[in-house]
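Chemist: Supplied in C-alpha cells, the structure appears directly below.
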Amino acid sequence: MNAMTDLRLMTYSEAIREAMAIALEADPTVILMGEDIGVYGGAFQVTLDLIDRFGPDRVMDTPISELGGAGVAVGAALTGLKPIFEFQFSDFAMLAMEQIVNQAAKLRYMLGGEASVPVVFRLPSGSGTGAAAQHSQSIEAWFGHVPGLKVLQPSTPEDAKGMLLAALADPDPVMIFEHKLLYKMKGEVPAGHYLTPIGKAAIRREGTDVTIVAGSIMVHRALEAAEKLAAEGISAEVIDLRSIRPIDHATILASVKKTGRLMVVYEGVKAFGVGAEISAMVSESEAFDFLDAPILRLGAADAPVPYNPDLERAAVPQVDTIEAAARRLARREV
Amino acid sequence: MNAMTDLRLMTYSEAIREAMAIALEADPTVILMGEDIGVYGGAFQVTLDLIDRFGPDRVMDTPISELGGAGVAVGAALTGLKPIFEFQFSDFAMLAMEQIVNQAAKLRYMLGGEASVPVVFRLPSGSGTGAAAQHSQSIEAWFGHVPGLKVLQPSTPEDAKGMLLAALADPDPVMIFEHKLLYKMKGEVPAGHYLTPIGKAAIRREGTDVTIVAGSIMVHRALEAAEKLAAEGISAEVIDLRSIRPIDHATILASVKKTGRLMVVYEGVKAFGVGAEISAMVSESEAFDFLDAPILRLGAADAPVPYNPDLERAAVPQVDTIEAAARRLARREV
Amino acid sequence: MNIPFAIRTYAPEILREALKRMYLIRRFEEGAEDSYMRGLIHGTMHLSIGQEASAMATCIELGDNDKITSTHRGHGHCIAKGADVGRMFAEFFGKETGYCHGRGGSMHIADVKTGNLGANGIVGGGLPIAVGAALSAKRLGRPDVTVCFFGDGANNEGAFHESLNMAAVWKLPVIFVCENNGYGMSTSTARSTAVKRIADRAAGYSMPGVTVDGNDFSAVAEAVHHAIARARAGEGPSLVENLTYRWRGHSKSDRNRYRTKEEIAEWMERDPIARFRAELIAHGVLDEAGANAIETQAQAYVEAGIEFAKASPAPGIGDVTRYVYAEAQG
Amino acid sequence: MNIPFAIRTYAPEILREALKRMYLIRRFEEGAEDSYMRGLIHGTMHLSIGQEASAMATCIELGDNDKITSTHRGHGHCIAKGADVGRMFAEFFGKETGYCHGRGGSMHIADVKTGNLGANGIVGGGLPIAVGAALSAKRLGRPDVTVCFFGDGANNEGAFHESLNMAAVWKLPVIFVCENNGYGMSTSTARSTAVKRIADRAAGYSMPGVTVDGNDFSAVAEAVHHAIARARAGEGPSLVENLTYRWRGHSKSDRNRYRTKEEIAEWMERDPIARFRAELIAHGVLDEAGANAIETQAQAYVEAGIEFAKASPAPGIGDVTRYVYAEAQG
Ligand SMILES: Cc1ncc(C[n+]2csc(CCOP(=O)(O)OP(=O)(O)O)c2C)c(N)n1
Ligand SMILES: Cc1ncc(C[n+]2csc(CCOP(=O)(O)OP(=O)(O)O)c2C)c(N)n1
Ligand SMILES: [Mg+2]
Ligand SMILES: [Mg+2]
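Top line first, the protein sequences correspond to chains V, R, S and C.
Residue 328 in numbering that gives the first Met the number 0 sits at position 329 of the first sequence, and the numbers go up by one each step.
Residue 197 in numbering that gives the first Met the number 0 sits at position 198 of the second sequence, and the numbers go up by one each step.
Residue 178 in numbering that gives the first Met the number 0 sits at position 179 of the third sequence, and the numbers go up by one each step.
Residue 99 in numbering that gives the first Met the number 0 sits at position 100 of the fourth sequence, and the numbers go up by one each step.
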C-alpha cells in the first residue's frame with residue numbers, strides 16, 4: 000500500500016474514473032464501451048470527460064443494443080482488446096445474459112483453454128433512487144452461480160479503483176457491481192496503479208459477539224448498526240464481502256468460529272441471494288460446530304422494488320433493521 | 000385423486016402432451032408457442048402431433064427469436080390468451096431474461112395489481128445428453144430469486160401433467176423446468192384434468208436418519224441411493240422439492256426436525272444453487288437447533304458442462320456420489 | 000384552400016377534445032416538473048413536451064378496446080389514450096389512488112381500462128408485448144388494433160427486429176409508431192442508426208413504412224389512419240415514423256452537452272400544439288375564445304389533479320409485498 | 000467461353016487446395032456420421048453436407064489472421080479455414096488432443112490459430128462476437144477482416160439486427176455470410192422471415208447485400224471477394240447470402256416431416272463439389288486423374304484422422320474444472 004501522502008479524498012465515481020484513465024493511458028488495448036458514456040458522461044457521470052481526453056475511438060458510445068454491445072465487447076476481448084463495458088443499469092444486463100453467461104463465461108472452457116475473454120462489465124445497481132422495479136435491482140447473486148465469471152462489489156472508493164484495475168489485469172471476464180448510492184461517497188484513494196486482490200474479503204470492524212457479512216452499500220449500514228450496538232455492549236465484527244465469486248471462505252469461517260453467530264446482509268431479494276450461499280457455505284463447513292445460533296439473512300422483501308419512497312426504503316435492509324436483527328441474534332432471541 | 004382404474008402408464012413427455020391437449024380442448028384461449036413445436040413436434044418431441052389436432056393457429060411455430068417470442072407470449076397473456084411457451088432448451092431463456100424477469104414477473108406489481116400475466120414457460124433442461132456447455136444447463140435457481148414468478152420442477156409423469164395444468168390455472172407466470180433425461184421415463188398418470196398443487200413438496204420415501212431434498216431427476220438418483228443405504232441400515236427420507244418458488248418450508252423443516260441431518264441434491268452449479276437456499280432456510284429456522292451435523296449440498300462441479308461423456312457424468316451428482324455423501328452424513332463423518 | 004386530413008376526417012368535437020388533451024399533456028408535464036422541483040415527486044421522469052401531436056394524433060381513432068404499449072416517455076400517450084390526470088399525479092406522488100397504487104411511478108404509468116398496457120422502463124420492452132396484444136385480438140376474433148410506441152433509440156434493440164418480423168409473418172393488427180426525436184438520450188440517430196429514415200427499415204419486414212412530420216397533427220393522423228385501416232382489414236402491421244423533438248433534457252440528469260441551444264430554439268418554434276390550435280381556428284373548428292377556454296380547462300384539470308393526488312393516502316408500509324402475486328381467490 | 004471468376008482469379012494450386020478441402024469436409028462429415036452410428040461420438044451433430052461450396056469459397060481468400068465465427072453447423076467452416084481433421088475427430092471423440100481438449104465437441108469446434116473463433120451452440124451467438132473481432136482489427140490497426148457465418152434461421156434473432164447495425168455505424172471490416180439453406184430446423188424461411196431475400200435486409204443497415212447461388216463456388220467467391228475488398232478498404236461491412244441446402248436432417252433427431260423427398264433429391268443433383276470439380280476440369284486446372292487423386296487423399300486424411308482420434312487419450316476425470324479460469328501464471 001502507498002504512503003499516506005499518496006492518499007487523496009475522492010468520490011467512488013472519481014475513483015472508478017481514475018482507474019479507467021490510468022488504464023487507458025497505460026494500455027492502448029483498453030477501450031470503454033457503453034450507452035451515452037461519451038459526451039453525456041454516462042447516466043451516473045462516471046465516465047464524465049474521458050471522451051475529451053481519450054477520444055471517441057477509445058470511449059465508444061454504443062447504440063441501445065445491450066446484447067450486441069456486450070457481444071462486441073466479448074468478441075473484441077477474444078481478439079486482443081480489453082474492453083470495459085458499462086451497462087447503464089445492471090437491470091439491462093438481462094438483455095445480454097446470453098453473451099455474458101453462454102459466451103464470455105464459457106468460451107475459455109468450451110475451447111479447452113485456447114481462448115481468453117478479458118472483458119470487464121461495469122454494472123450500476125441497487126435501489127434508493129426512486130426509479131422503480133426495472134431500474135433498481137440487485138441481481139449479482141445470479142452471476143455467483145456462473146462458473147467462468149468473477150463477480151465483485153466494491154464498497155469504498157479505494158476498492159472501486161483497485162478492483163477495476165485488478166479486473167483489467169485478470170485474463171477472465173469480471174463483473175463489477177457498483178452501487179448508485181455510493182457514487183458520491185468520498186474516501187481516501189491511493190494514487191497511481193494498484194490492485195485490490197480479487198476474492199479477498201476485508202474485515203472492516205473487529206468484534207467478538209456476532210459476525211455481520213455485508214456487501215456494497217450494506218457494509219456502511221452494517222458499520223453504522225455495529226456502532227450503535229457497541230454502545231449497548233454488543234460487539235459486532237463487520238466483514239466486507241467484496242467478491243461474490245470467488246467468495247473468501249477463509250475470512251468468513253475464521254470470524255464465525257470466533258463469534259459463533261452469523262448474519263448476512265445484502266440488497267438482493269432474500270431468497271436465493273448472496274446470503275443463501277454464505278449461510279450454506281458456513282453450514283457445511285467445519286465452522287458448523289461453532290455456531291451458537293441460527294444464521295440470519297437480511298435481504299430485500301419478496302417483491303420487485305416499489306416506486307413509493309417509503310415502500311422502497313422498507314423493501315431493503317436499513318441501519319435500524321440491521322441493528323435490530325443483530326441485537327436479536329446476539330441475545331439469541333432467534 | 001382419481002381411482003386406480005384411471006391410471007395409465009405413460010411417459011413424462013406423453014403426460015405433458017396430454018396436459019396440453021386437455022387444456023387446448025377445454026379452453027379456447029390456450030395456445031402453444033415455440034420453435035419447431037409444429038410439424039417437427041418439438042426438439043424433444045413433446046408437442047409431437049398436437050399441430051395435427053389443433054392446427055397452426057393454436058400450435059404456433061415461432062421464428063428463432065426467443066426474446067421477441069417470449070415477449071409476444073407475455074403480451075398475449077396480458078390481453079386474454081393463456082400461452083404455453085416452449086424454450087427449445089432452457090439455456091436459450093437467457094435471451095429472454097428481460098421479458099421473463101423485467102416484464103412477466105413484475106407487471107402485476109408495477110401496475111399495482113391491475114394486470115395479470117398468466118403465461119407458462121416450459122424449459123427442457125439438464126445435462127446427460129452430450130450437448131455440452133450451452134445446451135445442458137440447470138439455471139432454475141436464478142428464477143427462485145425472482146419475486147413474481149413460480150418455478151416448478153416435476154420429477155414424475157404424474158406431476159409433469161398435474162403441474163402444467165396447475166400452471167395454466169394460475170393467474171401468474173409459471174416456469175416449468177422439465178428434465179430432458181426424464182422425457183422417456185414411464186409412470187402412472189391419472190386420466191382427465193387434475194392439479195398438482197404448486198408449492199407443495201412430496202415425501203417420496205420416509206426415513207429417520209437423514210433427509211435428502213432433491214428435485215427433478217435427482218429425486219430418482221436419491222431414491223436409488225436411499226435404497227442402497229437401507230441395506231446398510233441407514234434410513235434416508237427423500238423429499239421431492241417439486242417447487243423452487245415458492246419452497247415448501249413446512250415439509251422440509253418437519254423432516255429435518257425428525258432426522259437432524261440434511262442434504263440437498265441438485266443438478267445446477269453448487270454455488271448459489273437450490274441447495275444454498277434450502278440450507279439457509281433451515282439454518283435460520285426453528286429447525287436449526289435440531290441439526291446434528293453440517294448441512295451438505297451436492298450440486299454440479301464449478302464448471303460449464305463438459306462435452307466428454309465421462310467428464311459430463313462426473314460434473315453432476317450421480318447415485319454413487321449421493322450414496323457416499325449421505326453415508327458420511329449419517330455417520331457424522333462431516 | 001387545402002383542408003388538412005384531420006379537419007376533413009374527424010368531427011369538430013373530436014378535434015376539440017384532441018386539442019384539449021394536447022394541452023392537458025403539456026400542462027400535466029409542466030405540473031409534474033414543478034412538483035418534482037418541490038420534492039413532491041421523487042426518482043426521475045422523462046418529459047415529452049414538444050411531442051404532443053405525435054401522441055394525440057396517433058391515438059385519435061383508438062377506442063378503449065384498442066391497446067397501446069408506451070415507453071419511459073409515456074405521459075403523453077397515457078393522456079392521449081384517455082387517462083385521468085388526477086390518478087396520474089397520484090401515481091407520481093406514490094399514492095394508493097394512483098394508477099399503479101404507488102408501485103410504478105412515471106416509468107410504469109398505465110391505465111389498463113383505457114387500453115394503455117403501460118409505459119416501460121426497458122427501452123424496446125413494449126415492442127414484443129404489443130405484438131402479443133395484437134395476437135390476442137386476432138386469435139380471439141376481436142377487431143382491436145394495438146399501437147406500439149417506441150423511440151428512435153429503441154429501433155436498435157433486437158426486440159425491434161424480432162417484433163416487426165413476427166408481426167409481419169403473422170399479419171397481426173399492430174401499428175409500430177416510432178417517435179423519432181433525433182436522440183436516444185445523448186446519442187443522435189446518425190451516430191446510432193445505420194439508416195437515414197427508420198421507416199426505411201420497414202422494407203426488411205415487407206411492411207409499409209412512412210415518415211411524417213411528427214409535429215403536424217394531420218400528417219400523423221393520416222399516416223396512422225391508413226395503418227389502422229390496414230390492420231383492421233387483416234392486412235398486417237405498418238411502421239409510422241413521427242419526426243419530432245423533445246424540448247426538455249432526456250431526464251432530470253441531462254447536462255444537454257450533445258445538442259445546441261439553437262437547435263432547441265428552432266424546434267420550439269415548431270410547437271405542435273400552437274400549430275394544431277391555429278389550424279383548428281383557421282378551419283373554423285373553434286375560435287380564439289374557444290381555444291382559450293380549452294386551455295384554461297386543461298390547466299384547471301391539472302390543478303385539480305395535483306390537489307387530488309396530494310390529498311390521497313399513501314400505501315401502507317406493510318404492503319410492500321402486496322400485488323406481487325394474485326390475491327387468493329374466494 | 001466465359002471463364003468463371005474463381006478460375007480467373009486464383010492460382011491453380013489454390014483452386015486444387017479448395018477442391019481438396021471440399022472433399023475433406025464431405026468425407027469428414029461422412030466419417031463423423033459413421034462414427035456416431037458406431038457409438039464413438041455422443042451427443043448430436045449438425046452436418047453441412049451439400050453446403051461445401053459456401054464454406055470453402057467464402058474462406059478462399061482468408062489468411063490465418065483473418066477471423067471467422069461459425070455456427071452449430073460448423074465443420075465445413077473449420078476445415079475450409081484450415082483446421083486439421085485429426086484434431087477435429089479427436090474433439091468429437093472427446094479426447095484431450097481435440098481442438099477443445101474434449102470439452103467442446105462438435106458444437107464448439109474451433110481452431111483459434113487458423114482464425115476460427117469457434118462454432119456456437121447459440122443461434123446468432125457468433126454475430127456480435129464477429130463484430131467485436133472486426134473492432135479489434137480496426138482499433139489495433141490490423142488489416143484483418145472477419146467473416147461471420149450464420150443461417151437463415153439466425154437472421155431473425157435480435158443479435159442479427161444489433162450486430163449489423165453496429166458494424167455499419169462503425170464501418171467495421173466484417174462480412175456477414177448468411178448460409179440460407181431454406182430452413183431453420185423445420186421452419187422454412189417463408190414461415191419465419193418476413194422478407195423474400197435475406198440480403199434485402201442489408202438496406203436497413205445501409206450496407207451492400209447480395210444473394211448468390213451458394214452451390215456455385217465462383218459465385219460465392221466473387222461476392223465475398225468484393226465484400227472483403229470493401230472491408231479491407233475501410234468501407235465497412237457487407238452481407239452475402241448463399242442459397243444452398245443441407246442434404247441431411249437438421250440433427251440426429253430429425254424426422255424430416257417438413258420437406259419432401261423430391262426437394263432433397265433435386266438439390267442433391269446440384270452437388271456443389273461435383274460442380275466445382277467439373278468446372279476445374281473444364282478449365283484445365285486439373286484432369287480426372289488429378290481430381291481422383293485429390294479425392295483419395297481427402298479420404299486418406301479422414302481415415303488417418305479417425306485413427307489419431309481413437310488412439311488419443313481422454314481427459315483425466317479429475318480435470319472437470321480445468322480451463323474454467325486461466326491457470327495461475329508464473
Ligand atoms: C434496455 C435499456 N437500455 C437503456 C436504457 C436507458 N435509457 C432510457 S431512455 C434511453 C433513450 C431512449 O431513446 P429513444 O428510444 O429514442 O426514446 P426517447 O428517450 O428519445 O424518447 C435510454 C438509453 C433503458 N431504459 N433500457
Ligand atoms: C438461441 C437458440 N435458439 C434455438 C436453438 C436451437 N437450434 C439450433 S440450430 C437451429 C436452427 C438454425 O437455423 P439456421 O440458422 O437456418 O441454421 P441451419 O441449422 O439451417 O444451418 C435451432 C432452432 C439454438 N441452438 N439457439
Ligand atoms: Mg429518441
Ligand atoms: Mg438454415
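Quick reminder that beta carbons are idealized off the backbone N, C-alpha and C, glycines included.
Does any residue of chain V bring its CB to less than 8 Å from the CB of Ala275(R)?
Modeler: Between Ala275(R) and chain V, the shortest Cβ-Cβ separation is below 8 Å.
Chemist: Could you check whether the Cβ of Met165(S) sits closer than 7 Å to any heavy atom belonging to ligand 2?
Modeler: no
Chemist: Using a Cβ-Cβ cut-off of 8 Å, state whether His224(S) counts as contacting chain V.
Modeler: no
Chemist: Could you check what DSSP says for Gly329(S) in three-state terms: helix, strand or coil?
Modeler: Any reading at Gly329(S) must be qualified, since the residue scores a pLDDT of 43, below 50, and its modelled position is unreliable; no value is offered.
Chemist: Going along the chain, which residues of its own chain have a beta-carbon closer than 6 Å to the beta-carbon of Gly334(R), five neighbours each way excluded?
Modeler: With chain R covering 0 to 333 only, the question about residue 334(R) has no answer from this structure.
Chemist: Going by C-alpha distance, which of Ala302(V), Ala300(V), Ala270(V) and Lys257(V) is nearest Ala286(V)?
Modeler: The residue with the shortest Cα to Cα distance from Ala286(V) is Lys257(V).
Chemist: Asn180(C): beta carbon under 7 Å from a heavy atom of ligand 4?
Modeler: yes
Chemist: If I measure Cβ to Cβ from Gln152(R) and keep anything under 7 Å in the same chain, skipping five residues before and after, which residues do I get?
Modeler: Glu139, Phe176, Gly214, Ser215, Leu240, Arg241 and Ile243
Chemist: May I ask you to verify whether the stretch 24-32 of chain V touches the stretch 73-85 of chain V, counting CB pairs closer than 8 Å and requiring at least 3?
Modeler: Touching, per the Cβ criterion.
Chemist: Going along chain R in order, which residues have a C-beta closer than 7 Å to the C-beta of Glu161(S)?
Modeler: Ser64, Leu66 and Gly67
Chemist: Say yes only if the C-beta of Gly150(C) is nearer than 7 Å to one or more non-hydrogen atoms of ligand 6, and no if none qualify.
Modeler: What this structure holds is ligand 1, ligand 2, ligand 3 and ligand 4, not ligand 6.
Chemist: Could you tell me which chain C residues have their CB closer than 7 Å to the CB of Ser237(S), listed as they occur along the chain?
Modeler: What Ser237(S) touches in chain C: nothing, since even the nearest Cβ is about 13 Å away.
Chemist: At a cut of 8 Å, does the stretch 298-311 of chain R reach the stretch 177-194 of chain V through at least three beta carbon pairs?
Modeler: Judged by Cβ distances under 8 Å, the stretch 298-311 of chain R makes no contact with the stretch 177-194 of chain V, as fewer than three pairs qualify.
Chemist: Considering only residues of the stretch 110-153 of chain S, which uninterrupted beta strand (DSSP E) runs meet the minimum length of 3 residues and lie entirely inside it, listed in chain order?
Modeler: Counting only runs of 3 or more, we get 145-150.
Chemist: Do we get a CB-CB distance below 8 Å when we pair Ala131(V) with the residues of chain S?
Modeler: yes
Chemist: Does DSSP put Tyr182(S) in a helix, in a strand, or in coil?
Modeler: strand
Chemist: Using 8 Å as the cut-off, can you tell me whether the stretch 84-103 of chain S makes contact with the stretch 57-64 of chain V, which would need three or more C-beta pairs spanning the two stretches below that distance?
Modeler: no
Chemist: Tell me whether Gly183(C), by its Cβ, gets closer than 7 Å to a heavy atom of ligand 4.
Modeler: For ligand 4, at least one heavy atom lies less than 7 Å from the Cβ of Gly183(C).
Chemist: When the Cα of Gly181(S) is compared with those of Leu134(S), Gln50(S) and Leu238(S), which residue comes out closest?
Modeler: Checking every option, the nearest Cα to that of Gly181(S) belongs to Gln50(S).
Chemist: Which partner residues does Gly111(V) have in the DSSP bridge list?
Modeler: Note: Gly111(V) sits in no beta bridge, so no partner.
Chemist: From the DSSP output, in three-state form, read off Asn241(C) for me.
Modeler: strand
Chemist: Would you say Pro303(R) reaches chain V, if we count a Cβ-Cβ gap shorter than 8 Å as a contact?
Modeler: yes
Chemist: Does any C-beta atom of chain S lie closer than 8 Å to the C-beta of Asn1(R)?
Modeler: With a pLDDT of only 47 at Asn1(R), under the threshold of 50, the placement of this residue in the model should not be trusted; the figure read from the coordinates follows. Closer than 8 Å: no.
Chemist: Determine which residues of the stretch 94-106 of chain V have a Cβ less than 7 Å from any Cβ of chain R, and write them out in chain order.
Modeler: Leu94, Met96, Glu97, Val100, Asn101 and Lys105
Chemist: How is the beta strand (DSSP E) around Val212(V) delimited, first residue to last?
Modeler: Val209 to Ala213
Chemist: Near Arg327(R), which residues of its chain fall below 6 Å by C-beta distance, leaving aside the five closest residues on each side in sequence?
Modeler: Cβ within range, chain order: Val333.
Chemist: Less than 8 Å between the C-beta atoms of Ser124(V) and Gln133(V), yes or no?
Modeler: no
Chemist: Using C-beta distances below 7 Å, list every residue in its chain close to Val315(V), excluding the 5 sequence neighbours before and after it, in chain order.
Modeler: Shown here for Val315(V): same chain residues with a beta carbon closer than 7 Å to its own, the five before and five after excluded, namely Ser126, Glu266 and Ala299 in chain order.
Chemist: Does the beta carbon of Ser191(S) come closer than 8 Å to any beta carbon on chain C?
Modeler: yes
Chemist: Using a Cβ cut-off of 7 Å, pull out every chain S residue sitting near Tyr204(C), in sequence order please.
Modeler: Ala193 and Val194
Chemist: At a cut-off of 7 Å, would you count His45(S) as near ligand 1, judging by its Cβ distance to the nearest heavy atom?
Modeler: Relative to ligand 1, the nearest heavy atom lies less than 7 Å away from the CB of His45(S).
Chemist: What does the Cβ neighbour count give for Gly97(S), buried or exposed, with the cut at 16 atoms within 10 Å?
Modeler: buried
Chemist: For Ile294(R), would you say it is in contact with chain V, using Cβ-to-Cβ distances shorter than 8 Å as the test?
Modeler: yes
Chemist: Any beta-carbon of chain V closer than 8 Å to the one on Tyr257(S)?
Modeler: yes
Chemist: Excluding the 5 residues preceding and the 5 following Phe216(S) in the sequence, name in chain order all residues of the same chain whose CB lies nearer than 6 Å to its CB.
Modeler: Ala5, Ala52, Ala56 and Phe275
Chemist: Alpha carbon to alpha carbon, what distance is there between Ala42(R) and Ala2(R)?
Modeler: Summary for Ala2(R): the model assigns pLDDT 49, below 50, so the residue's position carries little reliability; its value from the coordinates is reported in the next sentence. Roughly 34 Å between the two C-alpha positions.
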